[in-house]
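Right, one structure below, let's go through it.
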Amino acid sequence: MNELYAPFRPRLARVVTLVVGALLAVGTVALVAVLPQFYERSVVLDLVGISLVGLFGVWFCWRQATVVAVPDERGLTVRNLVVSRRLEWAEIVLVRFGQGRAWAQLDLSDGDTLAVMGIQRSDGERATREAARLAALVQAHGASDSPGDPAQA
């Protein structure tokens, strides 16, 4: 596969959320296993509630760990925490990743914006290079006529 079309994935956030998700899963199982020993009454509803909260927390961590933006010759598929969206290159006007932005942002031809959580500020210089690569892809596919370095806007 061409390196230019490699998926955009965060590193630090991915590691942190996988570790937190694993700890949350183990902690939830341990709590559900140990809690009934401390009560004489039935705690089934408590255990169900704890399990549901733990399951939601693990799902949230998993979803955060799997954010990605996958480019190909026709466009970009962005999978963020909640929303996934497929864009054609012509829909992307500008890539922004200046100071104060937690992740890359796309300005779209319909006036909307879309966060690209696959490129996160927490990855430092690597994230800056990845934003520049995404901006180069947008420019190479003729969707951006903007002057300057759009990855730093």
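Residue numbers (the working numbering): 918 to 1070. Just so it is clear, CB atoms sit at the ideal spot from N, CA and C, and this is done for glycine as well. As the structure is a prediction and not an experimental result, all values here were calculated from the model.
C-beta atoms of V975 and G938 nearer than 7 Å: yes
For my contact list, G1017 and L1004 are in at a C-beta cut-off of 8 Å; report their separation, rounded to the angstrom. The pair is not a contact, with the Cβ atoms about 24 Å apart (cut-off 8 Å).
Going by other Cβ atoms of all chains shown within 10 Å of its Cβ, with 16 needed for buried, is G1035 buried or exposed? buried
What separation, rounded to the nearest whole angstrom, lies between the Cα atoms of L941 and A982? 14 Å
Which residues in the same chain as L929 place their Cβ atom closer than 8 Å to its Cβ, once the five residues preceding and following it in sequence are excluded? Q1037, S1039, D1040
Am I right that V984 and L998 are in contact with their C-beta atoms under 8 Å? What's the rounded C-beta distance? 6 Å
Let me know the secondary structure DSSP gives V995 once reduced to three states. strand
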